[in-house]
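Peer 1:
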Amino acid sequence: MAKTELVEVEIDDMSDPQTSRNNYDEETEEETDRMEVKEQRQELSEEEEEEEEEHRNFKTRKRKSNKQQHICSHCGKSFKYKSGLKNHLWCHSAEKPFNCDQCGKKYISLSNLNLHLKVHSDEKPYACSVCGKSFSRLDCCKQHQKIHDEVRDHVCCECGNSFTTAGQLKQHQVVHTGEKPYKCSYCDKSFAQRGNLKSHERVHTGEKPYQCNQCGESFKYSNFLNDHMRVHSGLEPFICDQCGKEFHASSNLKTHLKIHSNERPYVCPYCGKSFSALVCCQRHQKIHTGEKDYLCSECGKGFTTLAQLKCHQKIHTGEKPYKCTYCDKTFTLSSQQKSHERIHTGEKPYSCTQCGEKFRHPNSVVNHMKKHFPPSLST
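The sequence shown: position 312 = 312 (full-length UniProt numbering), numbered continuously.
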């Protein structure tokens with residue numbers, strides 16, 4: 001009986017093919033579903049990768065566009081940041097908003113002002129490794145060191161002269177072109193270099209940006225201040241070995257030595273008179289041109305040099321700062337004081353070339369020479 005039941009059971013299992021087919025179909029569907037899910041996951045993974053790649057490319061494009069999106073409309077220069085473009089735009093503007101509270105100089109950027117302020121603070125952290133000379137700026141120190149290295153890789157194609165920087169070469173090339181793009185805002189003079197223009201304009205403005213930190217005296221030019229500082233430093237003066245005259249600047253001594261050598265390389269194009277110093281020749285030429293750049297604000301009288309104007313202005317102020325060392329007389333000009341003191345000393349430095357007679361004043365010699373060369377009578 002048990003056997004029969006067993007057979008029946010087996011028959012029952014085998015006797016329902018639809019059930020077996022259904023079970024197979026269910027398993028197949030489940031497997032198919034699993035495969036579809038797997039494929040969907042793979043597809044999703046591929047889509048995610050594509051999206052991630054696209055996102056990375058977008059960020060790269062954005063970074064690249066950010067680097068080039070801040071472009072100067074004047075010159076086309078591009079900047080990574082908006083602040084960089086903003087600072088750059090001052091170059092195209094005449095406005096200089098950053099002022100030095102020490103000397104009044106103006107700058108287009110705060111960084112340039114900070115570099116300039118080191119001039120007043122005497123802070124010079126950058127020292128030349130060869131000679132020990134110190135500088136307030138690293139770029140100035142590097143440029144100076146090229147003097148020792150003799151790196152002159154900027155060559156002028158016109159004359160072959162070489163220079164340590166491209167800026168120096170550019171300044172030099174103006175000699176060949178004759179270009180003078182920098183015009184004085186006070187007179188008609190023009191200059192090849194911006195630095196020369198700035199130096200010249202101080203003649204009109206009276207600006208003296210270089211101040212001695214020992215005594216407070218101010219100077220128009222940095223080399224004048226350097227010469228003056230020798231007075232405080234106790235350095236030995238530069239002495240002429242011909243006459244013993246002392247100078248605080250080596251350049252002044254060199255100019256003076258031409259007097260003894262009779263070297264006069266600078267010739268006036270109007271009358272042919274020659275001079276040992278260029279500045280003397282230029283000053284002399286104003287006699288021919290009638291150029292008088294320096295006007296008295298009190299009476300309007302013009303003068304060829306600033307020194308002449310200053311001497312003249314003392315007439316209006318009544319100032320007599322020069323006192324005789326032998327008596328109580330005072331004078332407006334130092335030359336007047338020296339001429340007067342010869343009365344006390346008996347000095348007669350001016351002599352006649354014909355007879356040797358000596359005089360206290362040069363105009364006395366001129367009057368005396370008329371005796372030797374009387375005017376010819378016209379017939």
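Note that beta-carbon positions come from the ideal geometry of N, C-alpha and C, so glycine has one too.
In its own chain, which residues sit with a C-beta less than 8 Å from the C-beta of Cys-187, not counting the 5 before and 5 after it?
Peer 2: Within the same chain, Cys-187 has close Cβ partners His-204, Asp-293.
Peer 1: Please state whether DSSP places residue 466 in a helix, a strand or coil.
Peer 2: Outside the modelled stretch of the chain, which goes from 1 to 379, sits residue 466, for which no answer is possible.
Peer 1: Here's the rule I'm using: 16 or more other beta-carbon atoms within 10 Å means buried, otherwise exposed. How should Ser-276 be labelled?
Peer 2: By the neighbour-count rule (16 or more Cβ atoms within 10 Å), Ser-276 is buried.
Peer 1: By the three-class DSSP mapping on this structure, what secondary structure does Glu-246 have?
Peer 2: Strand.
Peer 1: Given this structure, state the Cα-to-Cα distance separating Pro-374 from Ile-343, to the nearest angstrom.
Peer 2: The alpha-carbon atoms of Pro-374 and Ile-343 are separated by roughly 29 Å.
Peer 1: Decide if Tyr-81 is buried, meaning its Cβ has at least 16 other Cβ atoms within 10 Å, or exposed.
Peer 2: Answer is exposed; the Cβ neighbour count stays below 16.
Peer 1: Between Thr-317 and Lys-323, is the Cβ-Cβ spacing less than 7 Å?
Peer 2: Cβ distance not < 7 Å, so Thr-317 and Lys-323 don't count as in contact.
Peer 1: Quick check: what's the CA-CA separation for Ser-190 versus Lys-183?
Peer 2: So the two alpha carbons sit approximately 4 Å from each other.
Peer 1: Between Phe-359 and Ser-335, what straight-line distance do the alpha-carbon atoms span, to the nearest angstrom?
Peer 2: Using only the alpha carbons, I get a separation of about 16 Å.
Peer 1: Quick one: measure Cβ to Cβ for His-154 and Leu-138, integer angstroms, because I've assumed they're closer than 8 Å.
Peer 2: His-154 to Leu-138, Cβ: 20 Å. No contact.
Peer 1: Give me whichever residues DSSP pairs with Tyr-350 in a beta bridge.
Peer 2: In the DSSP output, where bridge partners are listed per residue, Tyr-350 has Phe-359.
Peer 1: Mind reading off the beta-carbon distance from Ala-127 to Ser-134? Whole number of angstroms is fine, and I expect it under 8 Å.
Peer 2: Rounded, the Cβ-Cβ distance is 5 Å, consistent with contact.
Peer 1: Let me make sure I understand the geometry here. Which of Gln-337, Tyr-221, Asp-328 has the alpha-carbon closest to that of Lys-208?
Peer 2: Per the Cα distances, Tyr-221.
Peer 1: Which first and last residues belong to the alpha helix (DSSP H) in which Ile-287 is found?
Peer 2: Residues 278-289.
Peer 1: For the putative contact between Glu-246 and His-228, defined by C-beta atoms under 8 Å, what is the C-beta separation to the nearest angstrom?
Peer 2: Actually they are not in contact, since the Cβ atoms of Glu-246 and His-228 sit about 14 Å apart, beyond 8 Å.
Peer 1: In chain order, what residues of the same chain lie with their CB nearer than 8 Å to the CB of Cys-75, ignoring the 5 residues before and after it?
Peer 2: The residues are His-92.
Peer 1: Would Thr-304 be called buried (16 or more neighbouring beta carbons within 10 Å of its own) or exposed?
Peer 2: Classification for Thr-304: buried.
Peer 1: Roughly how far, in whole angstroms, is the beta-carbon of Gln-313 from the beta-carbon of Cys-296, given that I think they are within contact range, below 8 Å?
Peer 2: Gln-313 to Cys-296, Cβ: 6 Å. Contact.
Peer 1: Which two residues bound the contiguous alpha helix (DSSP H) that contains Cys-311?
Peer 2: Run containing Cys-311: 306-317, per the alpha helix (DSSP H) assignment.
Peer 1: If you draw a straight line from the alpha carbon of Gly-160 to that of Glu-291, how long is it in whole angstroms?
Peer 2: Cα-Cα distance, rounded: 37 Å.
Peer 1: So, is Thr-345 buried or exposed, given that buried needs 16 or more other C-beta atoms within 10 angstroms?
Peer 2: It counts as exposed.
Peer 1: Alpha carbon to alpha carbon, how far is Gly-302 from Asn-112?
Peer 2: Taking the straight line joining both Cα atoms gives about 38 Å.
Peer 1: Name the DSSP beta bridge partners of Leu-295, please?
Peer 2: BP columns for Leu-295 point to Gly-302.
Peer 1: For Lys-106, name the three-state secondary structure that DSSP assigns.
Peer 2: In this structure, Lys-106 counts as strand in the three-state DSSP scheme.
Peer 1: Just mark Arg-21 as buried or exposed, buried being the case when its beta carbon has 16 or more other beta carbons within 10 Å.
Peer 2: Caution applies to Arg-21, whose pLDDT of 43 falls short of 50 and renders its modelled position unreliable; the value that the coordinates give is listed next. So Arg-21 ends up on the exposed side.
Peer 1: Applying the 10 Å Cβ sphere with the 16-neighbour rule, what's the burial state of Ile-287?
Peer 2: Classification of Ile-287: exposed, given that the 10 Å Cβ count is below 16.
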